[in-house]
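K.L.:
Please find one structure pasted underneath; my questions will follow.
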Amino acid sequence: MENLPITCFKLANGMPVVHCLRPGEVEYCGVAVNAGSRDELTPDRYGLAHFVEHTIFKGTTRRKSWHIINRMEAVGGELNAYTTKEETYVYSTFPKGNLRRAAELIADLVKRSSFPRAEIDRERDVVADEINTYSDIPSDGIYDDFEDLIFAGSTLGHNILGTVESISGFTPEVCREYLDRFYTPRQMVFFYSGPSSVSQVEKIVVEYFGTLSLPDHDRERSMPVEVAQFDSVKEISSHQSHVVMGTRIGGLFDSGRYAMALLTNILGGPGMNSLLNVELRERRGLVYSIDASASHLTDTGLFTIYFGCDHDDVARCRRLVTNTIDSIAQGGLNERRLAQARRQYAGQLVISSVNAEQATLSQGRSMLYFGKVAPLSATLDRIAAVTVDEITSAARRLTELSVLTLR
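The numbering used here applies: residue 828 is where the sequence shown begins, and numbers increase by one.
Pasting the structure below:
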């Protein structure tokens, strides 16, 4: 089981750092930024967090884009970034011995990105193609459409990529202002995983990030208002129907999130023995796959179930989903079945913990919001403590699902 030594500390400028001592020949480091698409407050700024994440690689006051993309690849490493509703991650994976190179590069991107106009114009076309391509894949786009409905009236309700119209207004000045507003020491976490010692990492992080001194700004996040349950259909002339059923759940600090995570895994986790996979695919052959997911934001969360099926089978599939959830909500899960589910989910968590890249990113997020990183054993203990009553209570939160169908 991956229970590796973790050390957390702060720089003098307030920037948190999380260090995970992981033996091996590969190192990981980067920054997690407390800024994402929900911080884009007006439609003309939709997509800006993602666009900035793309364009910080396009040039700094010290480097051109070609030098940036080759800096880590020259030693066999990678430089990556991605944006979520609430965070942005910029990080590198590299062979042992290249931490200084990686940290210096990421600090250069954060502190000195210049957003050259010609490069921005080129990248605008790339992102526009990404938007159009994403819209052509109903099984991906339906989640954004669903969030538009369930988070209506809030900044959580729009696509992370933005629109072709909104990104057309992004200038170097707009991008730089966003970077200066959100990439501040107290709103970022530096994370590291690898064989370098705490003292080695601290020395390098202090050298490259210790001088960062941008002031914090007020954040204008507000919890989305509750919307009425909906049952919407969108015609897209697809050969099959794509369906998302879902509802709001508790956020990142909700005491019931461990029960919800376990219930989600029972219903539609990756195992072929998940209840919905057995009911809809294995027994009846109605779907190719069916997935359940639970995501937790700082002040709210979202539970969803997705499946694709023949148009004529939508009503039957929906009925099977609701019947399965209702059965658990009425106490249909006994202690023996719950013990099996706990053991299965714990095993999946142990296996996923050896994915060093994802584990490192998760540590960055945990440090960002909780100021600490709980060991895997603590998470496993929380899962082991989930009771039948907690699972029943979690299922009752899912008995009234809103539905979006693309067909």
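Glycine is no exception: its CB is placed at the ideal position from the N, C-alpha and C atoms.
Remember, it's a predicted structure, so these values are computed and weren't measured experimentally.
How many angstroms separate the CA atom of M828 from the CA atom of S1180?
P.N.:
For the purposes of this step, residue 828 is taken as residue 1 along the sequence shown, with counting starting at 1. For the purposes of this step, residue 1180 is taken as residue 353 along the sequence shown, with counting starting at 1. Here the model assigns M828 a pLDDT of 46, short of 50, so the residue's position is not dependable, and the following value carries that caveat. Approximately 8 Å between the Cα atoms of the pair.
K.L.:
State the start and end residues of the unbroken beta strand (DSSP E) segment that holds E880.
P.N.:
Against the sequence shown, residue 880 aligns to sequence position 53. Segment 875 to 882 is the alpha helix (DSSP H) holding E880; no beta strand (DSSP E) there.
K.L.:
What's the gap between the Cα of P832 and the Cα of G924?
P.N.:
Reading the sequence shown from its first residue, position 5 is the one you call residue 832. Reading the sequence shown from its first residue, position 97 is the one you call residue 924. Roughly 20 Å between the two C-alpha positions.
K.L.:
Would you be able to state if there are at least three C-beta pairs under 8 Å between the region 1155 to 1173 and the region 1128 to 1144?
P.N.:
With the cut-off at 8 Å, the region 1128 to 1144 and the region 1155 to 1173 do not touch.
K.L.:
Using the rule of at least 16 other Cβ atoms within 10 Å of the residue's Cβ for burial, across every protein chain shown, is A1055 buried or exposed?
P.N.:
In the sequence shown, counting from the first residue as 1, residue 1055 sits at position 228. So A1055 counts as exposed.
K.L.:
Give me whichever residues DSSP pairs with Y1019 in a beta bridge.
P.N.:
As a position in the sequence shown, residue 1019 is number 192, starting the count at 1. Answer by DSSP bridge pairing, in chain order: H846, C856.
K.L.:
Can you tell me where the beta strand (DSSP E) with G1073 in it begins and where it stops?
P.N.:
Walking along the sequence shown from the start, residue 1073 turns up at place 246. Unbroken beta strand (DSSP E) run through G1073: 1068 to 1076.
K.L.:
V902 by DSSP, collapsed to three states: which one?
P.N.:
One-based indexing of the sequence shown puts residue 902 at position 75. Looking at V902 - three-state DSSP - the assignment turns out to be coil, as it is neither helix nor strand.
K.L.:
Please report the residue range of the beta strand (DSSP E) in which V1052 lies.
P.N.:
Mapped onto the sequence shown, residue 1052 falls at position 225. Where V1052 is concerned, there is no enclosing beta strand (DSSP E), given that its DSSP letter is neither H nor E.
K.L.:
Which of helix, strand or coil does DSSP assign to F836?
P.N.:
Numbered from 1 along the sequence shown, position 9 holds the residue referred to as residue 836. Looking at F836 - three-state DSSP - the assignment turns out to be strand.
K.L.:
Please classify E867 as buried or exposed, where buried requires at least 16 neighbouring CB atoms within 10 angstroms.
P.N.:
Your numbering for residue 867 matches position 40 in the sequence shown. Buried.
K.L.:
So what does DSSP say about M828, is it helix, strand or coil?
P.N.:
Within the sequence shown, residue 828 is the residue found at index 1, counting from 1. Residue confidence is low: M828 scores 46 on pLDDT, short of 50, so the model does not pin down where it sits. Its coordinate-derived value is still stated next. Residue state, collapsed to three classes: coil.
K.L.:
Could you tell me the distance, in whole angstroms, from the CA atom of G793 to the CA atom of R1003?
P.N.:
Nothing can be reported for residue 793: it is not among the residues displayed for the chain, which extend from 828 to 1234.
K.L.:
Looking only at its own chain, which residues have a Cβ that is under 6 Å from the Cβ of S1059, when we skip the five neighbours before and after it?
P.N.:
As a working note, residue 1059 is residue 232 in the sequence shown. If we look at S1059 and ignore the five residues flanking it on each side, its Cβ neighbours are L1231.
K.L.:
Pick from D972, P999, V1215, A1186: whose alpha carbon is nearest that of L1203?
P.N.:
Your numbering for residue 1203 matches position 376 in the sequence shown. With distances taken between Cα atoms, L1203 lies closest to A1186.
K.L.:
Could you work out which residue in V1070, Y855, Y1085 is closest to I1076 when comparing CA atoms only?
P.N.:
Here residue 1076 refers to the residue found at position 249 of the sequence shown. Among V1070, Y855, Y1085, the Cα nearest to that of I1076 belongs to Y1085.
K.L.:
Let's test the definition: count the other Cβ atoms within 10 Å of the Cβ of D1043 and tell me whether it reaches 16, buried, or not, exposed.
P.N.:
Numbered from its first residue, the sequence shown carries residue 1043 at position 216. That one is exposed.
K.L.:
Starting from T920, follow the beta strand (DSSP E) in both directions and report where the run begins and ends.
P.N.:
Mapped onto the sequence shown, residue 920 falls at position 93. Unbroken beta strand (DSSP E) run through T920: 915 to 922.
K.L.:
Helix, strand or coil for G1135 per DSSP?
P.N.:
Residue mapping note: residue 1135 aligns to position 308 of the sequence shown, counting from 1. G1135: strand per DSSP, three-state reduction.
K.L.:
Measuring CA to CA, which of S864, C847, Y1172, F1017 is closest to E880?
P.N.:
As a working note, residue 880 is residue 53 in the sequence shown. Per the Cα distances, S864.
K.L.:
Taking the alpha-carbon positions, what's the R1110 to M1050 distance?
P.N.:
As a working mapping, residue 1110 is identified with position 283 in the sequence shown. As a working mapping, residue 1050 is identified with position 223 in the sequence shown. In a straight line, the C-alpha of R1110 is about 41 Å away from that of M1050.
K.L.:
If you run the structure through DSSP and keep just helix, strand and coil, what is V1200?
P.N.:
Here the question's residue 1200 lines up with position 373 in the sequence shown. Of the three classes helix, strand and coil, the one that applies to V1200 here is coil, per DSSP.
K.L.:
Taking the beta carbon of G996 as the centre, do at least 16 other beta carbons fall within 10 Å, making it buried, or is it exposed?
P.N.:
Counted from its first residue, the sequence shown places residue 996 at position 169. It counts as exposed.
K.L.:
Compute the beta-carbon to beta-carbon distance between L1113 and C1144, rounded to the nearest angstrom, for a pair I have assumed lies under 8 Å.
P.N.:
Numbered from its first residue, the sequence shown carries residue 1113 at position 286. Numbered from its first residue, the sequence shown carries residue 1144 at position 317. About 5 Å; that satisfies the 8 Å criterion.
K.L.:
To the nearest angstrom, report how far apart T990 and S981 are at their CA atoms.
P.N.:
Against the sequence shown, residue 990 aligns to sequence position 163. Against the sequence shown, residue 981 aligns to sequence position 154. Taking the straight line joining both Cα atoms gives about 16 Å.
K.L.:
Please report how far the alpha carbon of T920 lies from the alpha carbon of I1218, in whole angstroms.
P.N.:
Taking the sequence shown and counting its residues from 1, one reaches residue 920 at position 93. Taking the sequence shown and counting its residues from 1, one reaches residue 1218 at position 391. Roughly 38 Å between the two C-alpha positions.
K.L.:
Using a Cβ cut-off of 8 Å (strictly closer), state whether S1193 contacts chain C.
P.N.:
Protein chains in the displayed structure number just one, and chain C is not present.
K.L.:
Residues in the same chain with beta-carbon distance under 7 Å from E1062, minus the five sequence neighbours each way, listed in chain order, please.
P.N.:
The count along the sequence shown starts at 1 and reaches residue 1062 at position 235. These residues qualify, in order along the chain: R1234.
K.L.:
Going along the chain, which residues of its own chain have a beta-carbon closer than 6 Å to the beta-carbon of N861, five neighbours each way excluded?
P.N.:
The residue you call residue 861 lines up with position 34 of the sequence shown. Cβ neighbours of N861 beyond the five flanking positions: Q1014, L1195.
K.L.:
According to the neighbour-count rule (16 or more other Cβ atoms, all chains shown, within 10 Å of its Cβ), is Y1035 buried or exposed?
P.N.:
Here residue 1035 is taken as the residue at index 208 of the sequence shown, counted from 1. Buried is the call here.
K.L.:
Between the C-alpha atoms of G968 and L976, what's the straight-line distance to the nearest angstrom?
P.N.:
As a working mapping, residue 968 is identified with position 141 in the sequence shown. As a working mapping, residue 976 is identified with position 149 in the sequence shown. One C-alpha to the other measures close to 13 Å.
K.L.:
Out of H1123, D1140, Y1019, E957, point me to the one whose CA is closest to D1081's CA.
P.N.:
Residue 1081 sits at position 254 when you count from the first residue of the sequence shown. Ranking H1123, D1140, Y1019, E957 by Cα distance to D1081 puts H1123 first.
K.L.:
Measuring CA to CA, which of K938, G874, N840, P922 is closest to T887?
P.N.:
Within the sequence shown, residue 887 is the residue found at index 60, counting from 1. The candidate whose alpha carbon is nearest that of T887 is K938.
K.L.:
Fully enclosed by the region 976 to 1044, which alpha helix (DSSP H) runs are 4 residues long or longer?
P.N.:
Those alpha helix (DSSP H) runs which fall completely within the region 976 to 1044 and span 4+ residues are 991 to 994, 999 to 1009, 1025 to 1036.
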